[in-house]
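S.K.: Just dropping this structure here.
Number of protein chains: 2
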Amino acid sequence: MSKQKPKAVVLLSGGLDSAVTLFFARQRYNPFCLIFEYGQRHNKEIKCAKKIAAEAGAEYFVLKISLPWKGSALLDKSLSVPSVKGRPSKNIPITYVPARNIIFLSYAFSFAESIGAKKVFIGAHIQDYSGYPDCRPEFLESFGRAANTGMKNSRIKIEAPLIRKKKKDIIKLGLKLAVPFELTWSCYQGGRKPCLKCESCYYRMQGFKELGMTDPLLEK
Amino acid sequence: MSKQKPKAVVLLSGGLDSAVTLFFARQRYNPFCLIFEYGQRHNKEIKCAKKIAAEAGAEYFVLKISLPWKGSALLDKSLSVPSVKGRPSKNIPITYVPARNIIFLSYAFSFAESIGAKKVFIGAHIQDYSGYPDCRPEFLESFGRAANTGMKNSRIKIEAPLIRKKKKDIIKLGLKLAVPFELTWSCYQGGRKPCLKCESCYYRMQGFKELGMTDPLLEK
Chain A
62 MSKQKPKAVV
72 LLSGGLDSAV
82 TLFFARQRYN
92 PFCLIFEYGQ
102 RHNKEIKCAK
112 KIAAEAGAEY
122 FVLKISLPWK
132 GSALLDKSLS
142 VPSVKGRPSK
152 NIPITYVPAR
162 NIIFLSYAFS
172 FAESIGAKKV
182 FIGAHIQDYS
192 GYPDCRPEFL
202 ESFGRAANTG
212 MKNSRIKIEA
222 PLIRKKKKDI
232 IKLGLKLAVP
242 FELTWSCYQG
252 GRKPCLKCES
262 CYYRMQGFKE
272 LGMTDPLLEK
Chain B
62 MSKQKPKAVV
72 LLSGGLDSAV
82 TLFFARQRYN
92 PFCLIFEYGQ
102 RHNKEIKCAK
112 KIAAEAGAEY
122 FVLKISLPWK
132 GSALLDKSLS
142 VPSVKGRPSK
152 NIPITYVPAR
162 NIIFLSYAFS
172 FAESIGAKKV
182 FIGAHIQDYS
192 GYPDCRPEFL
202 ESFGRAANTG
212 MKNSRIKIEA
222 PLIRKKKKDI
232 IKLGLKLAVP
242 FELTWSCYQG
252 GRKPCLKCES
262 CYYRMQGFKE
272 LGMTDPLLEK
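If you're matching them up, the sequences are chains A and B in order.
For the first sequence, the numbering used here begins at 62 and goes up steadily by one.
For the second sequence, the numbering used here begins at 62 and goes up steadily by one.
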């Protein structure tokens, strides 16, 4: 029998990026996923996340968290998710949820210390951090340092294997790792089919298009 | 009419320290409290926290959060809260909850940004940080830096007005600020009366004793 792999915590949203991150992580680690139900409009993600975790053979927790202060279009149904016209803007989008990744990473560090994991994987990447400040590499590095200062086990490292990749390259990596793309959900709207208009759909479509492929989600 | 005070978020546990912190903060700020229900054994704290917030005229949210990974005597009823024999040890106590303040502060930053507050108050202090790594001043400073790197509004500051104070001095400050000590709850056990044996009771008793006072909680 092969030596048991070390444990790692993986933040799993049900989107394409975190699915690729999970399949990447499980090459070398025994992944334990954290799935957050935080009142997001695209709640469908959560079902997808569970299926993806099961497909990867990973254990998971679904944590219901409450962010009663609204003001993000991802949480507040009175705000509308903007459609992308041309290229997405470089400003912080209205779908930004204040401190979302800070909260997610905090739970991940708590979980990691409790199970003795030394790695926390997150699917943040270059296209995200143009708009979302909590996807920036300097944030991830700074958070890792801070969290380790505040914990008993001060050797937990954040891994963001997609950080420098564009969507096209993330999809390419996912293909290599046999990620079940048809189980992933990226659209910010919680519809039956992706809206193909929001920023998240935009980047996903672009990625598949640049590879000359059709998104398997659209083939179903 | 006097100029409206700026908003501040206050982490309120229902214990003596956070109550003093709230009454300190409200001198200059309009306080918005965050109270966490995280499966703590001393759930009684939460009722106390609500009463203290009301007494201070502060708005508050109670957030129910789940930390399904156990292993701390504060969460796990199969572990017992140790009694203090002589002086408490300088090691990390079994009541340590991994990343607790990291999680609390993350929510506080999210809340602060949403309501436009520039300060986050926490009642961490010198006696705590001998044992709890997430009460250390270097952690608080490092966390503040990290969180600001990951947010839109990057000017939110952590205030820990008790950080260098001993329990005696915290109580003295509380007396000056007319903190209703009889509404605060410090004991880690959730009994009707304080156990007077746990570390939290130990420090509280010491503090009142050093001032030649009786804890008003024991007079009721």
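Just so you know, even glycine gets a beta-carbon here, dropped at the ideal spot from N, CA and C.
As the structure is a prediction and not an experimental result, all values here were calculated from the model.
Compute the Euclidean distance between the alpha carbons of LYS270(A) and PHE242(A), then round it to the nearest angstrom.
M.R.: Along the first sequence, read from residue 1 onward, the residue named residue 270(A) stands at position 209. Along the first sequence, read from residue 1 onward, the residue named residue 242(A) stands at position 181. A direct Cα-Cα distance of roughly 15 Å separates LYS270(A) from PHE242(A).
S.K.: Check whether the segment 168-179 of chain A and the segment 91-99 of chain A are in contact - that is, three or more C-beta pairs closer than 8 Å.
M.R.: Touching, yes.
S.K.: Under the three-state reduction of DSSP, which class applies to CYS109(A): helix, strand or coil?
M.R.: Residue 109(A) sits at position 48 when you count from the first residue of the first sequence. Note: CYS109(A) maps to helix in three-state DSSP.
S.K.: Could you give the DSSP three-state label for LYS180(B): helix, strand or coil?
M.R.: The residue labelled residue 180(B) in the question sits at position 119 within the second sequence. It is a strand residue.
S.K.: Quick one: grab the DSSP three-state call for LEU234(B).
M.R.: Here residue 234(B) is taken as the residue at index 173 of the second sequence, counted from 1. Correct three-state label for LEU234(B): helix.
S.K.: Quick check on DSSP: helix, strand or coil for LEU279(A)?
M.R.: Reading the first sequence from its first residue, position 218 is the one you call residue 279(A). DSSP places LEU279(A) in helix when its eight states are reduced to three.
S.K.: If the cut is a Cβ gap below 9 Å, which residues of chain A does PRO159(B) touch?
M.R.: Here the question's residue 159(B) lines up with position 98 in the second sequence. Those within 9 Å of PRO159(B) in chain A are PHE170, SER171, PHE172, ALA173, GLU174, SER175, MET212, LYS213, ASN214.
S.K.: Helix, strand or coil for VAL81(A) per DSSP?
M.R.: Residue numbering aside, residue 81(A) sits at position 20 when the first sequence is read from its first letter. The answer is helix: DSSP assigns VAL81(A) an H, G or I state.
S.K.: Would you say SER79(A) faces chain B, with C-beta separation under 8 Å as the test?
M.R.: One-based indexing of the first sequence puts residue 79(A) at position 18. Not one chain B Cβ lies under 8 Å of SER79(A).
S.K.: Starting from ALA69(A), follow its DSSP beta bridges and name the residues at the other end.
M.R.: Taking the first sequence and counting its residues from 1, the one referred to as residue 69(A) is at position 8. For ALA69(A), which the question treats as bridged, DSSP gives the partners PRO92(A), LYS180(A).
S.K.: Taking Cβ-Cβ distances shorter than 9 Å, what residues in chain B pair up with GLU260(A)?
M.R.: To locate residue 260(A), count along the first sequence from 1; it is residue 199. Correct list: empty, because the minimum Cβ distance to chain B is about 16 Å.
S.K.: Could you spell out where the beta strand (DSSP E) holding GLU220(B) opens and where it closes?
M.R.: Sequence index remark: in the second sequence, residue 220(B) carries index 159 (1-based). That run of the beta strand (DSSP E) goes 218-220.
S.K.: Beta-carbon of ARG206(B) versus every beta-carbon of chain A: anything under 8 Å?
M.R.: Position 145 of the second sequence, counted from the start, is the residue given in the question as residue 206(B). Taking Cβ atoms only, chain A reaches closer than 8 Å to ARG206(B), which makes this a yes.
S.K.: State buried or exposed for ALA115(B), treating a residue as buried only when at least 16 other CB atoms are found within 10 Å of its CB.
M.R.: Taking the first residue of the second sequence as 1, we reach residue 115(B) at position 54. Counting Cβ neighbours within 10 Å, ALA115(B) comes out exposed, since fewer than 16 surround it.
S.K.: With contact counted as at least three CB pairs below 8 Å, one residue from each stretch, are the segment 193-206 of chain B and the segment 240-256 of chain B in contact?
M.R.: no
S.K.: The beta strand (DSSP E) with TYR121(B) in it runs from where to where?
M.R.: Here residue 121(B) corresponds to residue number 60 of the second sequence, with the count starting at 1. Per DSSP, TYR121(B) belongs to the beta strand (DSSP E) from 120-125.
S.K.: With a Cβ-Cβ cutoff of 8 Å, do ASP78(A) and LEU279(A) count as a contact?
M.R.: As a first step, residue 78(A) must be located in the first sequence, where it is residue number 17. As a first step, residue 279(A) must be located in the first sequence, where it is residue number 218. ASP78(A) is not a Cβ neighbour of LEU279(A), given a cutoff of 8 Å.
S.K.: Taking LYS68(B) as the reference, give the member of SER74(B), THR82(B), ALA86(B), GLY75(B) with the closest Cα.
M.R.: Along the second sequence, one-based indexing puts residue 68(B) at 7. For the residues SER74(B), THR82(B), ALA86(B), GLY75(B), the minimum Cα distance to LYS68(B) belongs to ALA86(B).
S.K.: Using the C-alpha atoms, what's the distance from LEU272(A) back to GLY211(A)?
M.R.: Within the first sequence, residue 211(A) is the residue found at index 150, counting from 1. Within the first sequence, residue 272(A) is the residue found at index 211, counting from 1. Roughly 44 Å separates the two Cα atoms.
S.K.: Compare the Cα-Cα distances from LYS229(B) to each of GLN188(B), ASN209(B), PHE182(B), LYS213(B) and report the closest residue.
M.R.: Numbered from 1 along the second sequence, position 168 holds the residue referred to as residue 229(B). It is GLN188(B) whose Cα lies nearest to the Cα of LYS229(B).
S.K.: Taking 8 Å as the threshold, find out whether the segment 175-185 of chain A comes into contact with the segment 214-221 of chain A through three or more Cβ pairs.
M.R.: yes
S.K.: SER261(A) to GLY268(A), Cα distance in whole Å?
M.R.: Position 200 of the first sequence holds residue 261(A). Position 207 of the first sequence holds residue 268(A). Going from the Cα of SER261(A) to the Cα of GLY268(A) covers about 11 Å.
S.K.: Excluding five sequence neighbours on each side, which residues of the same chain lie with their C-beta closer than 6 Å to the C-beta of GLU120(B)?
M.R.: Mapped onto the second sequence, residue 120(B) falls at position 59. Once the five neighbours on either side are set aside, the close Cβ partners of GLU120(B) are PHE93.
S.K.: Would you call MET62(A) buried or exposed, if buried means 16 or more other Cβ atoms sit within 10 Å of its Cβ?
M.R.: For this step, residue 62(A) is matched to residue 1 along the first sequence. Its pLDDT being 44, under 50, MET62(A) is placed unreliably in this model, and the value from its coordinates should be taken loosely. So MET62(A) counts as exposed.
S.K.: Taking the alpha-carbon positions, what's the LEU234(A) to ASP276(A) distance?
M.R.: Taking the first residue of the first sequence as position 1, residue 234(A) is located at position 173. Taking the first residue of the first sequence as position 1, residue 276(A) is located at position 215. Cα to Cα, the separation comes out at about 15 Å.
S.K.: How many Å lie between TYR99(A) and ASN162(A) at the Cα?
M.R.: Taking the first residue of the first sequence as 1, we reach residue 99(A) at position 38. Taking the first residue of the first sequence as 1, we reach residue 162(A) at position 101. Their Cα atoms are separated by approximately 12 Å.
S.K.: Could you tell me if GLN88(A) is buried or exposed, where buried requires 16 or more neighbouring beta carbons within 10 angstroms of its beta carbon?
M.R.: Against the first sequence, residue 88(A) aligns to sequence position 27. Taking all protein chains in view, the Cβ of GLN88(A) is surrounded by fewer than 16 other Cβ atoms within 10 Å, so the residue is classified as exposed.
S.K.: Under the rule that 16 or more other beta-carbon atoms within 10 Å means buried, what is GLU199(B), buried or exposed?
M.R.: Stepping through the second sequence from its first residue, residue 199(B) is reached at position 138. Burial state of GLU199(B) is exposed, judged by a 10 Å Cβ sphere holding fewer than 16 other Cβ atoms.
S.K.: Using the Cα positions of LEU71(B) and LEU166(B), report the straight-line distance between them to the nearest angstrom.
M.R.: The residue labelled residue 71(B) in the question sits at position 10 within the second sequence. The residue labelled residue 166(B) in the question sits at position 105 within the second sequence. Sequence inspection shows Val at residue 71(B); the Leu mentioned does not correspond to that position. Near 10 Å, if we compare the C-alpha coordinates of LEU166(B) and VAL71(B).
S.K.: Please go through the same chain and pick out, in chain order, the residues whose beta-carbon is closer than 6 Å to the beta-carbon of ILE153(B), but skip the five residues on each side of it.
M.R.: Within the second sequence, residue 153(B) is the residue found at index 92, counting from 1. Excluding the 5 residues flanking it on each side, ILE153(B) has same chain C-beta neighbours closer than 6 Å at GLY192, in chain order.
S.K.: Can you list, in chain order, the residues of its chain whose CB lies under 8 Å from that of HIS103(A), leaving out five sequence neighbours each side?
M.R.: By one-based count along the first sequence, residue 103(A) stands at place 42. Counting only Cβ-Cβ distances below 8 Å, and skipping sequence neighbours, we find LEU135, TRP246, CYS248, TYR249, GLN250, GLY251.
S.K.: Should TYR157(A) and LYS213(B) be called a contact, given that it needs their Cβ atoms to be closer than 8 Å?
M.R.: Against the first sequence, residue 157(A) aligns to sequence position 96. Against the second sequence, residue 213(B) aligns to sequence position 152. Taking 8 Å as the Cβ cut-off, TYR157(A) and LYS213(B) qualify as a contacting pair.
S.K.: In the DSSP assignment, what residue or residues form a beta bridge with PHE97(A)?
M.R.: Residue mapping note: residue 97(A) aligns to position 36 of the first sequence, counting from 1. Partner(s): LEU124(A).
S.K.: Any beta carbon from chain A within less than 8 Å of TRP130(B)'s own beta carbon?
M.R.: For this step, residue 130(B) is matched to residue 69 along the second sequence. Closer than 8 Å to some Cβ of chain A, the Cβ of TRP130(B) qualifies, so yes.
S.K.: I need the straight-line Cα distance from CYS196(B) to LEU83(A), nearest angstrom please.
M.R.: Mapped onto the second sequence, residue 196(B) falls at position 135. Mapped onto the first sequence, residue 83(A) falls at position 22. CYS196(B) and LEU83(A): Cα-Cα distance of roughly 33 Å.
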